[in-house]
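Report on the following structure.
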Amino acid sequence: MAGARGYDRAVSSPPTVDVVLARPSPLAEYAIGVLASAIGFRVRVVDGSSPPAGPCLHYGDAPGSGSHRGCVVVPERPDDRLWEDALGPSSPPVDRRLPFDVVAATAAFLTDAEHRAPAPGATDRHGRLLAAASLQGRAGHATTPIVNRYAAVLEAALAQVG
609 MAGARGYDRA VSSPPTVDVV LARPSPLAEY AIGVLASAIG FRVRVVDGSS
659 PPAGPCLHYG DAPGSGSHRG CVVVPERPDD RLWEDALGPS SPPVDRRLPF
709 DVVAATAAFL TDAEHRAPAP GATDRHGRLL AAASLQGRAG HATTPIVNRY
759 AAVLEAALAQ VG
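If you want it as structure tokens, here you go:
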């Protein structure tokens, strides 16, 4: 039987990634949600007390033992911004323990935290930040889709855990 609009197919849901936040934070949860959405995942924040139902991500201190030892681990390093290995022409080799905080970096780019107080001369006459004066511009990545690159690295790591 057709639905109200004539649709008779079931809509599939995107896969879910279980996320354990060592230190719960709405901003970290938001950044993880953006990264997950970019690679086609939904996020389910869990407390880590039960085994993950599928791919999992642990943000913060690595789990010492238990069912979440096999999760992708993203270290909590609030000052991480530009991961040159991930921004180059080829993706870095990735395992389940990332060496860089893609969550904090993504949050900083999404909130434009680096540019809240631009240096003198870093803006045009209308107060807009000049690309060359931005963190990305100064590092030679003004046109690089940085958050997308971080999402791709996270996707590769999640593929390894299942």
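Going by our numbering, the sequence shown opens with residue 609, and the numbers climb by one from there. Just so it is clear, CB atoms sit at the ideal spot from N, CA and C, and this is done for glycine as well. Being a predicted model, the structure only gives us computed values, none of them experimental.
Exercise. Looking only at C-alpha atoms, which of D626, L695 and L737 sits nearest to G748?
Worked result: Residue mapping note: residue 748 aligns to position 140 of the sequence shown, counting from 1. Cα-wise, what sits closest to G748 is L695.
Problem set entry | Length of the line joining the Cα atoms of A727 and S620 | In the sequence shown, the residue the question calls residue 727 occupies position 119. In the sequence shown, the residue the question calls residue 620 occupies position 12. Distance between the alpha carbons of A727 and S620: 48 Å.
Problem set entry | Outcome for M609 when other beta-carbon atoms lying within 10 angstroms are tallied against a minimum of 16 | Taking the first residue of the sequence shown as position 1, residue 609 is located at position 1. Because the pLDDT of M609 is 49, which lies under 50, any placement of that residue in the model is unreliable, and the question is left without a value.
Exercise. Which one or two residues does DSSP pair with T751 in a beta bridge?
Worked result: If you number the sequence shown from 1, residue 751 lands on position 143. Partner(s): none; T751 has no beta bridge.
Exercise. In terms of residues, what are the limits of the alpha helix (DSSP H) holding D693?
Worked result: The residue you call residue 693 lines up with position 85 of the sequence shown. Note, D693: alpha helix (DSSP H), E692 to L695.
Exercise. Out of L718, E692 and A721, which has the shortest C-alpha to C-alpha gap to P707?
Worked result: On the sequence shown, residue 707 is found 99 positions in, with the first residue counted as 1. Closest by alpha carbon: E692.
Problem set entry | Distance, A716 Cα to T751 Cα | As a first step, residue 751 is located in the sequence shown; it is residue number 143 there, counting from the start. As a first step, residue 716 is located in the sequence shown; it is residue number 108 there, counting from the start. One C-alpha to the other measures close to 17 Å.
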